[in-house]
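Enquirer: Pasting a structure below so you can have a look.
There are 2 protein chains.
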Amino acid sequence: MDLTASPFPSPEEKRSVRAAKRDAVLRAAVQMFNARGFHQTSLDDVAASLGISKPTIYHYLGNKDQVLLECVKIGLGQLIAAAEDARTRPGTGADRLCAFLVRYAEINMDDFGRCVIRTGDEALMPESRERFRELKRRIDTDMRTLIIEGIADGSLAPCDPKLAAFTIAGALNWPARWHDPAGSESPEELARHMVDMLCRGFQPR
Amino acid sequence: MDLTASPFPSPEEKRSVRAAKRDAVLRAAVQMFNARGFHQTSLDDVAASLGISKPTIYHYLGNKDQVLLECVKIGLGQLIAAAEDARTRPGTGADRLCAFLVRYAEINMDDFGRCVIRTGDEALMPESRERFRELKRRIDTDMRTLIIEGIADGSLAPCDPKLAAFTIAGALNWPARWHDPAGSESPEELARHMVDMLCRGFQPR
DNA sequence: ACTATTTTGTACTGATGAGTAAATTGCATG
DNA sequence: CATGCAATTTACTCATCAGTACAAAATAGT
Chain L
1 MDLTASPFPS PEEKRSVRAA KRDAVLRAAV QMFNARGFHQ TSLDDVAASL GISKPTIYHY
61 LGNKDQVLLE CVKIGLGQLI AAAEDARTRP GTGADRLCAF LVRYAEINMD DFGRCVIRTG
121 DEALMPESRE RFRELKRRID TDMRTLIIEG IADGSLAPCD PKLAAFTIAG ALNWPARWHD
181 PAGSESPEEL ARHMVDMLCR GFQPR
Chain U
1 MDLTASPFPS PEEKRSVRAA KRDAVLRAAV QMFNARGFHQ TSLDDVAASL GISKPTIYHY
61 LGNKDQVLLE CVKIGLGQLI AAAEDARTRP GTGADRLCAF LVRYAEINMD DFGRCVIRTG
121 DEALMPESRE RFRELKRRID TDMRTLIIEG IADGSLAPCD PKLAAFTIAG ALNWPARWHD
181 PAGSESPEEL ARHMVDMLCR GFQPR
């Protein structure tokens, strides 16, 4: 706890304290979802891991579906930010795509990104599922756009952008399943290495 | 129904009838698991889809965990068979690897293969999970072996076999999530196309 | 101090669904 | 015919867990 803080919080601080608590709930939840799976995790478990009780979670988040939705929204938000960032970079289309992909892979090894990949949309309720799909579509569109630009400027080999996007995404999503965050391999290196492989291909040149 | 069959089945026939019923249960189950997710599918639902009752399922399979385990075992069996088949082929290491990969991708768009990918091991009970992991490890080993052989004979570019296997597997697993079996794209073509992309890479040559 | 609002906890409800007990039918065989 | 086994059903039990009602602190505003 921060002992330098005034015991008389301003409205501003209060809002941020509330937000911090909400975030703490989401972080605890996402870690448990990733470790044990959404359906194997009860909100009682999540609450217990924070030393609070279930209704407190319901005070900050409406229901379990929303807890999951917020988690994946954070992950997807990071991905969308990465796409925005890549879009405004200098260099060839291939350069921009690779920059995006490295970041994309890194995010997928992070708490919220992992949750995005590991969450099958069947887990969400219909409206949340629609929102989830919508955001994922957006990432996919962004990735395809970068591919198309790369092909256009000749920095990428011509190919079907849709299939290329699925192939690349699949390869870079998979670490969400196998990468051990506690392991020795750094996500950054891993991400770079994988993107490199995808660019070069497996045939000798 | 087959009206030419004798109404006095031999022990042989009886065994095969029993096996056929068991298979029908597994097929109905796997399709529902794939469509709605394991946890969203009750065995009552599966039974209803076959016009039978839940205890009948329990007559053929011990419990829900085993139903899922049998499903993934079938999918993994197909993959292992594909690896065996590829291993005994003529051609370079790259040829054998590609043959395996195409088949691998196809299987992942099929009922039982899709289930293998979509099933997080958290869904299974500890012992089944161990069995599941063991079989998946075997596929991984086989894939790595093919990669190593390809590098050895110069038909593949040198690379880290472990990372290559994860990258390739990720790319070819992903269709289990996005490919629509009812859609117009044929799994065979798709598989070939994806493997081709992975071999060539995205950089122009 | 007094009231309203926010935060948090205790103790419930209610639904869902895995798994089972026991009865039923059919067939096979001594 | 009696006995036993396989297949199948109806009608349960029982545990889990999402979600809620309501009370009790804490906090803020007046």
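Chains as they are written, first to last, in our numbering: chain L, 1 to 205; chain U, 1 to 205. For each residue, glycine too, the CB sits at the ideal point set by N, CA and C.
Nearest by alpha-carbon distance to His-39 (chain L): which of L:Gly-120, L:Arg-129 and L:Asp-111 is it?
Expert: As a position in the first sequence, residue 39 (chain L) is number 39, starting the count at 1. Cα-wise, what sits closest to His-39 (chain L) is L:Gly-120.
Enquirer: Count the other CB atoms within 10 Å of the CB of Thr-88 (chain U); is the residue buried (16 or more) or exposed (fewer)?
Expert: Residue 88 (chain U) sits at position 88 when you count from the first residue of the second sequence. The residue is exposed, with fewer than 16 neighbouring Cβ atoms inside 10 Å.
Enquirer: Could you give the distance in angstroms between the alpha-carbon of Leu-163 (chain L) and the alpha-carbon of Ile-151 (chain U)?
Expert: Against the first sequence, residue 163 (chain L) aligns to sequence position 163. Against the second sequence, residue 151 (chain U) aligns to sequence position 151. Looking at the two C-alpha atoms, the distance is approximately 26 Å.
Enquirer: If you measure from the beta carbon of Leu-79 (chain L) to each beta carbon in chain U, is any gap under 8 Å?
Expert: Reading the first sequence from its first residue, position 79 is the one you call residue 79 (chain L). No, no contact with chain U.
Enquirer: Where does the unbroken alpha helix (DSSP H) through Gly-89 (chain U) begin, and where does it stop?
Expert: Position 89 of the second sequence, counting from 1, holds the residue named residue 89 (chain U). As written in the sequence, residue 89 (chain U) is Arg, which differs from the Gly given in the question. Here Arg-89 (chain U) belongs to no alpha helix (DSSP H), and DSSP marks it neither H nor E.
Enquirer: Find the nearest neighbour of Glu-84 (chain L) within the set L:Val-72, L:Glu-130 and L:Ala-99, judged by alpha-carbon distance.
Expert: Within the first sequence, numbered from 1, the residue matching residue 84 (chain L) stands at position 84. Nearest option by C-alpha distance: L:Ala-99.
Enquirer: Under 8 Å between C-beta atoms, does Gln-203 (chain U) make it to chain L?
Expert: Position 203 of the second sequence, counting from 1, holds the residue named residue 203 (chain U). Closer than 8 Å: yes.
Enquirer: List, from N- to C-terminal side, the alpha helix (DSSP H) runs of 4 residues or more that fit wholly inside the region 72-144 of chain U.
Expert: 93-107 and 111-118, all fully within the region 72-144 of chain U.
Enquirer: Which whole-angstrom value is the C-beta distance of Ala-176 (chain L) and Asn-108 (chain L), which I expect to be below 8 Å?
Expert: As a working note, residue 176 (chain L) is residue 176 in the first sequence. As a working note, residue 108 (chain L) is residue 108 in the first sequence. About 5 Å; that satisfies the 8 Å criterion.
Enquirer: Does chain U have any CB closer than 8 Å to the CB of Arg-118 (chain L)?
Expert: Locating residue 118 (chain L) in the first sequence gives position 118, where the first residue counts as 1. Output row for Arg-118 (chain L): interface = yes.
Enquirer: Can you list the alpha helix (DSSP H) stretches of 4 or more residues lying completely in the region 31-71 of chain U, in chain order?
Expert: The region 31-71 of chain U contains these whole alpha helix (DSSP H) runs: 43-50 and 54-60.
Enquirer: Return the chain-ordered list of same chain residues with a C-beta closer than 7 Å to the C-beta of Ala-207 (chain L), the five sequence neighbours on each side being excluded.
Expert: This structure gives no information on residue 207 (chain L), because the portion of chain L shown stretches from 1 to 205.
Enquirer: What is the DSSP secondary structure of His-193 (chain L), counted as helix, strand or coil?
Expert: Stepping through the first sequence from its first residue, residue 193 (chain L) is reached at position 193. His-193 (chain L) falls in the helix class under three-state DSSP.
Enquirer: Can you tell me where the alpha helix (DSSP H) holding Trp-178 (chain L) begins and where it ends?
Expert: To locate residue 178 (chain L), count along the first sequence from 1; it is residue 178. Its alpha helix (DSSP H) spans residues 175-178.
Enquirer: From Thr-141 (chain L) to Glu-134 (chain L), what does the alpha carbon distance come to, in whole angstroms?
Expert: Within the first sequence, residue 141 (chain L) is the residue found at index 141, counting from 1. Within the first sequence, residue 134 (chain L) is the residue found at index 134, counting from 1. Thr-141 (chain L) and Glu-134 (chain L): Cα-Cα distance of roughly 10 Å.
Enquirer: I want to see whether chain U comes within less than 8 Å of Ala-123 (chain L), judged by CB atoms only; does it?
Expert: Locating residue 123 (chain L) in the first sequence gives position 123, where the first residue counts as 1. For Ala-123 (chain L), the answer is yes, since a Cβ of chain U falls inside 8 Å of its Cβ.
Enquirer: Buried or exposed for Glu-106 (chain L), please, with buried defined as at least 16 other CB atoms from any protein chain shown within 10 angstroms of its CB.
Expert: Along the first sequence, one-based indexing puts residue 106 (chain L) at 106. It counts as buried.
Enquirer: Look up Gly-170 (chain U) in the DSSP assignment and say whether it is helix, strand or coil.
Expert: Walking along the second sequence from the start, residue 170 (chain U) turns up at place 170. Helix.
Enquirer: Alpha carbon to alpha carbon, how far is Leu-79 (chain U) from Leu-198 (chain U)? Give it in angstroms, no decimals.
Expert: On the second sequence, position 198 is the one that residue 198 (chain U) refers to. On the second sequence, position 79 is the one that residue 79 (chain U) refers to. Those two C-alpha atoms are separated by around 19 Å.
Enquirer: To the nearest angstrom, how far is it from the Cα of Ala-169 (chain U) to the Cα of Gly-37 (chain L)?
Expert: In the second sequence, counting from the first residue as 1, residue 169 (chain U) sits at position 169. In the first sequence, counting from the first residue as 1, residue 37 (chain L) sits at position 37. Taking the straight line from one Cα to the other gives about 22 Å.
Enquirer: Against Phe-166 (chain L), what residues of chain U qualify as contacts under a CB-to-CB distance less than 7 Å, listed in chain order?
Expert: One-based indexing of the first sequence puts residue 166 (chain L) at position 166. The answer, in chain order, is Trp-174 and Trp-178.
Enquirer: Who are the Cβ neighbours of Glu-149 (chain U) in its own chain at under 6 Å, not counting the five residues just before and after it?
Expert: One-based indexing of the second sequence puts residue 149 (chain U) at position 149. Correct list, in chain order: Gly-93.
Enquirer: Please report whether the beta-carbon of Ala-94 (chain L) lies at a distance below 8 Å from any beta-carbon of chain U.
Expert: The count along the first sequence starts at 1 and reaches residue 94 (chain L) at position 94. Cβ-Cβ to chain U under 8 Å: yes for Ala-94 (chain L).
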